[in-house]
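S.K.: Below are the structure tokens for one structure; questions will follow.
Residue numbers (the numbering used here), protein chains in the order written: chain X, 1 to 219; chain S, 1 to 219.
Right under this line is the structure:
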């Protein structure tokens, strides 16, 4: 039983990786930087995206793919920023996959996009295994979570290129050792670029914006 | 491809449900109330458990099963309360299943347990589909998450018997509409028993303790 499940899983992932490679080629040809945002539910992906688009939406041509099990609440928030957005509802699935990503790409005029944010389903486990064809995964982790999350869910931090520690405005009110959190994350993945920001107060967002806007240069 | 995956998934769930029924029978025979705690990573399951065990650990004979992808950090915190604990590391799996639960049950002297807490892997999606044989699922959601989580991840709230809104001590510092959160949750599942607590300040924990301690009566 277990053995056959593992085989099927491998087939699914192999098929996903094929589709992801096609998506990656398509994105590269269109000159699009695609950033896959991954985190627990509630780490602040949408709030960070909304503030980012409001503040640097005029510095590049952005688009957003929103992944949720149900509702288009997040897509509505993005739409209010004036940036094109496509909502994917996964219903039972716990992550986006490359097939869903391909369908979402079909909804955009790719030649009019520089940077595409993909907000994955809130889940610190499953999205780590699914390549969508993105340039990089960026993991978010809020200061209201335990600082040992990188140790307890290491794969997500291993496959990400950057870590954004969010909600730093709440640091005075929580028991969160931000130095330990950074150390744990770098222990799992020494190449992680780490940002510590607040989408509420705006703290340290400029550094993150530089990273996003300069990321398109090495496509 | 999609069709065969769905079939396999059904087989997995059917097999899981069989094992879950065996676990449930075993728990009932031993007179154990099993509570499956489910939430996003960082919603505060471990902190709530530790305070609960420290405060009412002498009112019943408790035991804990801890689920994480990796590390035994949480099991160590539980162990410090003096309550028997077994850690399950799921490595790649995004949820506990009934087979893992059976193995964990084998590690305990079931005749010396009244109430068994199972802290599932932090994940608001996958654990909703897997019956472990527990009496009830209790979902946690922190006030630092968006209040629309019940709408975006409805299945978890549909299959849970109670919702514990955690970290209420942070309410003054976050934009969280606790009335809306409660309304959304009850819209998804009108039978949910809702608690609003802080494991840090201790706010409203007595009501939750009553619920836990009285739950064993109707086994």
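The C-beta atom is built at its ideal place from N, Cα and C for all residues, glycine as well.
1) On the three-pair Cβ rule with 8 Å, is the stretch 124-132 of chain X touching the stretch 88-106 of chain X?
2) Quick check on residue 92 of chain X: does DSSP put it in helix, strand or coil?
3) Just the chain S side, please: which residues come within less than 8 Å of residue 173 of chain X by C-beta, in chain order?
4) Exposed or buried, residue 199 of chain S, counting other C-beta atoms within 10 Å across all chains shown (16 or more means buried)?
5) Does the beta carbon of residue 96 of chain S sit closer than 9 Å to a beta carbon anywhere in chain X?
6) Give me whichever residues DSSP pairs with residue 141 of chain X in a beta bridge.
7) Roughly how many whole angstroms lie between the Cα atoms of residue 166 of chain S and residue 137 of chain X?
8) Which word fits residue 82 of chain S, buried or exposed, when buried means at least 16 other C-beta atoms lie within 10 angstroms of its C-beta?
9) Using a Cβ-Cβ distance under 9 Å, would residue 43 of chain X count as near chain S?
10) Smallest Cα separation from residue 86 of chain S: which of S:123, S:106, S:93 and S:92?
11) Reducing DSSP to helix, strand and coil, say where residue 211 of chain X ends up.
12) I need the DSSP call for residue 108 of chain X, collapsed to helix, strand or coil.
13) For chain S, check one thing: does any of its Cβ atoms lie closer than 9 Å to the Cβ of residue 238 of chain X?
14) Please report how far the alpha carbon of residue 4 of chain S lies from the alpha carbon of residue 93 of chain X, in whole angstroms.
15) Output, in sequence order along the chain, the residues in the stretch 103-129 of chain S whose CB is closer than 8 Å to any CB in chain X.
16) Can you confirm whether residue 200 of chain S, when its beta carbon is compared against all beta carbons of chain X, has any partner nearer than 9 Å?
17) Output yes or no for whether 9 Å exceeds the beta carbon distance between residue 144 of chain S and residue 121 of chain S.
18) Give a yes or no on whether 9 Å exceeds the smallest Cβ distance from residue 23 of chain X to chain S.
M.R.: This is what the structure holds:
1) Short answer: they touch.
2) In the three-state reduction of the DSSP assignment, residue 92 of chain X falls in the coil class, being assigned neither a helical nor a strand state.
3) When 8 Å is used as the limit between beta carbons, residue 173 of chain X is near these residues of chain S: 169, 170 and 173, in chain order.
4) Buried, since its Cβ has 16 or more Cβ neighbours within 10 Å.
5) No, because no Cβ of chain X sits closer than 9 Å to the Cβ of residue 96 of chain S.
6) For residue 141 of chain X, the pairing in a beta bridge is given by DSSP as X:165.
7) Approximately 29 Å, taken between the alpha carbons.
8) Exposed.
9) Cβ-Cβ to chain S under 9 Å: yes for residue 43 of chain X.
10) Residue S:106 is the option with its Cα nearest to residue 86 of chain S.
11) If DSSP states are grouped into helix, strand and coil, residue 211 of chain X belongs with the helices.
12) In this structure, residue 108 of chain X counts as coil in the three-state DSSP scheme.
13) Summary: the structure shown does not reach residue 238 of chain X, with chain X confined to residues 1 through 219, and so no result is reported for it.
14) Reliability fails at residue 4 of chain S, whose pLDDT of 37 lies under 50, so the model's placement of it is uncertain and no value is given.
15) So the list reads 121, 122, 123, 124, 125, 126 and 129, given in the order they occur along the chain.
16) It does: the Cβ of residue 200 of chain S has a partner Cβ on chain X nearer than 9 Å.
17) No. Outside cutoff.
18) No, no contact with chain S.
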